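Asks: Residue numbers (the UniProt record's numbering): 1 to 331. For glycine and all other residues, C-beta sits at the position ideal for the given N, C-alpha and C. Quick caveat: nothing in here was measured; it's all calculated off a predicted structure.
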Amino acid sequence: VYTFGCNDEGALGRNTSEEGSETLPSKVDLLGRGIQLSAGDSHTAVLTDEGKVFAWGNFRDANGKIGLTSDGIQEKPIEMLPGETVIKIASGGDHLLCLTEKGEIYSCGCAEQGQLGRVAECFSVRGGRKGLDYILKPAIIRCLRHKSKKRVVFDDVYAGQYMSYAREKDTGSIYAWGLNNYYQLGTNDLENKFVPVYVKAMSEDVKVTMVDAGQHHAICLDTAGKVYTVGRGEYGRLGHGDSNEEKRVPAILDLPPCKQVAAGQAVSYAVTNSGEIYAWGMGTSQQLGSGDDEDVTTPRLMTGKQLQTRKVIAVSGGGQHTVLLATDTPS
């Protein structure tokens, strides 16, 4: 695992005392071979091929630093969930989700908006009288199946800045929790959810197989490769034109069949089955790859010299930047 960028709160997991070492990709000393990475505002997590999760850095809330664990900021990797075999991780801005091989989800980090899915609102600010350990120590999210008393077994998990989503293994149903001030959970209301709720609009009306989320919106992919967006409309992040209106439930976009979707803070991306990529939303930091800093309100094909002879496999969006994984097209 190699890291680079800001290391003010230990997010790089390595010593950067040497001048300029933050901006050069450098190796993190890790026990095991990493197979998946996730990163938030000030923390990083890695899943190893043995199902272990290591993390480093810091979680924050509205009042500032809260630490990665009750011992504070962690500048080197520490194991987060000993004794459990994890198959997927997801990071929000300041929370971490871990999906185990048993289909259970553990969460830790900031709980203020309900993003942990297991902390009541009265304990959401730094754990209330239960203390920081209540939110910083990974603990299981309890969730019952829709119209059933049986426990949900999950097979995928996703995170936005302040939100979380998960897919049920048997039915493909989507559950969501966290901040909902722009309808971004897809539940057609504006109430924050402090425990997982069944999302009918992503489970019955549309059969969603993948979710990603930014600060106030979510993007979904269904079983047929169709793309939908929901939530806040400002800056064109939903891709439905100049309207700034929120979408209360996922609304379909006019795109070719896609295989992956992703979201940055106020931007969205879709990778087509043929390896092309579309981007739209806020262009302030030129993260749309359009050659300028104008907002784009409908999906626009990303072009450029580097993509002329390559097919895009995957995309990831940060606060003000975008990373593409691509393969050379056979000549």
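On the three-pair Cβ rule with 8 Å, is the stretch 273-288 touching the stretch 245-252?
Replies: Contact between the stretch 273-288 and the stretch 245-252 is absent, because fewer than three Cβ pairs lie under 8 Å.
Asks: Using a threshold of 8 Å, state whether the C-beta atoms of Leu37 and Val1 are closer than that.
Replies: In contact: Leu37 and Val1 (Cβ atoms closer than 8 Å).
Asks: Distance, Cα to Cα, Gly93 vs Gln184?
Replies: Near 15 Å, if we compare the C-alpha coordinates of Gln184 and Gly93.
Asks: Between the C-alpha atoms of Gly172 and Lys200, what's the straight-line distance to the nearest angstrom?
Replies: Near 11 Å, if we compare the C-alpha coordinates of Lys200 and Gly172.
Asks: Please return the same chain residues whose Cβ sits closer than 6 Å to the Cβ of Asp295, not counting the five positions on each side in sequence.
Replies: Excluding sequence neighbours, Asp295 sits near Tyr235, Gly236, Met282 and Gly283.
Asks: For Val152 versus Glu168, is the C-beta distance shorter than 8 Å?
Replies: In this structure, Glu168 lies closer than 8 Å to Val152 by Cβ.
Asks: Under a three-way DSSP split, which group does Arg167 fall into?
Replies: Reduced to three states, the DSSP call for Arg167 is strand.
Asks: Tell me the DSSP secondary structure of Gly5 in three-state form.
Replies: Looking at Gly5 - three-state DSSP - the assignment turns out to be coil, as it is neither helix nor strand.
Asks: Compute the Euclidean distance between the alpha carbons of Arg230 and Tyr175, then round it to the nearest angstrom.
Replies: Looking at the sequence shown, residue 230 is not Arg but Val. So the two alpha carbons sit approximately 15 Å from each other.
Asks: My guess is that Asn58 and Gly10 are in contact by the Cβ rule of under 8 Å, so how many angstroms apart are they, rounded?
Replies: Right, the Cβ-Cβ distance comes to about 6 Å (below 8 Å), so this counts as a contact.
Asks: If you follow the alpha helix (DSSP H) that Met202 is part of, which residue opens it and which one closes it?
Replies: Taken as a continuous stretch (DSSP letters only), the alpha helix (DSSP H) holding Met202 covers Lys200 to Ser203.
Asks: Could you tell me whether the Cβ atoms of Glu101 and Gly51 are closer together than 8 Å?
Replies: Cβ distance < 8 Å, so Glu101 and Gly51 count as in contact.
Asks: Between Gly72, Asp222, Val323 and Thr297, which has its C-alpha nearest Leu307's C-alpha?
Replies: The residue with the shortest Cα to Cα distance from Leu307 is Val323.
Asks: Would you report the Cα separation of Arg129 and Gln115, rounded to the nearest angstrom?
Replies: Spanning the two alpha carbons is a distance of roughly 19 Å.
Asks: Could you give the residue range of the beta strand (DSSP E) that holds Ile219?
Replies: Its beta strand (DSSP E) spans residues His217 to Asp222.
Asks: What are the uninterrupted segments assigned as beta strand (DSSP E) that are 3 or more residues long and contained completely in the stretch 1-51, given in chain order?
Replies: Qualifying beta strand (DSSP E) stretches, in chain order: 34-39 and 43-48.
Asks: In whole angstroms, give me the CA-to-CA distance for Arg33 and Ser107.
Replies: Answer to the nearest angstrom: the Cα atoms are 23 Å apart.
Asks: Excluding the five sequence neighbours on either side, which residues of its own chain have a C-beta within less than 7 Å of the C-beta of Gln113, listed in chain order?
Replies: Only Tyr162, Gly178, Leu179 and Asn192 meet the Cβ criterion.
Asks: Which term fits Ser331, buried or exposed, when burial requires 16 or more other beta carbons within 10 angstroms of its beta carbon?
Replies: Exposed: under 16 other Cβ atoms inside 10 Å.
Asks: Hey, quick one: how far does the beta strand (DSSP E) through Asp94 stretch, first residue to last?
Replies: No beta strand (DSSP E) holds Asp94; DSSP gives it neither H nor E.
Asks: Grouping DSSP H, G and I as helix and E and B as strand, with all else coil, what is Leu179?
Replies: Looking at Leu179 - three-state DSSP - the assignment turns out to be coil, as it is neither helix nor strand.
Asks: Looking at the structure shown, is Glu276 part of a helix, part of a strand, or coil, going by DSSP?
Replies: Note: Glu276 maps to coil in three-state DSSP.
Asks: Starting from Arg300, follow its DSSP beta bridges and name the residues at the other end.
Replies: Looking at the DSSP assignment, Arg300 forms a beta bridge with Ala279.
Asks: Glu79 bridges to which residues according to DSSP?
Replies: In DSSP, Glu79 forms a bridge with Phe54.
Asks: Out of curiosity, what's the CA-to-CA distance linking Thr48 and Thr69?
Replies: Going by the C-alpha atoms only, they are around 20 Å apart.
Asks: Can you check which of these residues, Met80, Ala120, Ala213 and Ile105, is closest to Lys137 by C-alpha distance?
Replies: Of the candidates Met80, Ala120, Ala213 and Ile105, the one whose C-alpha sits nearest the C-alpha of Lys137 is Met80.
Asks: Run through the DSSP bridge pairs and tell me what Ser148 is partnered with.
Replies: Answer is none; Ser148 lacks a bridge partner.
Asks: Indicate whether Gly319 and Gly264 have their beta-carbon atoms separated by less than 8 Å.
Replies: In this structure, Gly264 lies closer than 8 Å to Gly319 by Cβ.
Asks: Under 8 Å between the Cβ atoms of Gly266 and Gly214?
Replies: Inspection of the sequence shows that residue 266 is occupied by Ala rather than by Gly. Yes; because the gap between Cβ atoms is below 8 Å, this pair is in contact.
Asks: Spatial neighbours of Val208 within its chain, please: CB distance less than 6 Å, with the 5 preceding and 5 following residues excluded, ordered by chain position.
Replies: Taken in chain order, the residues that qualify are Ile174, Met202, Cys220 and Asp222.
Asks: Should His321 go down as buried or exposed, given a rule of 16 or more other Cβ atoms within 10 Å for buried?
Replies: His321 is exposed by the Cβ-count criterion.
Asks: Contact check, Ile66 vs Cys110 under 8 Å by CB: the rounded distance?
Replies: Between Cys110 and Ile66 the Cβ distance is about 7 Å, and since that is below 8 Å, they are a contact.
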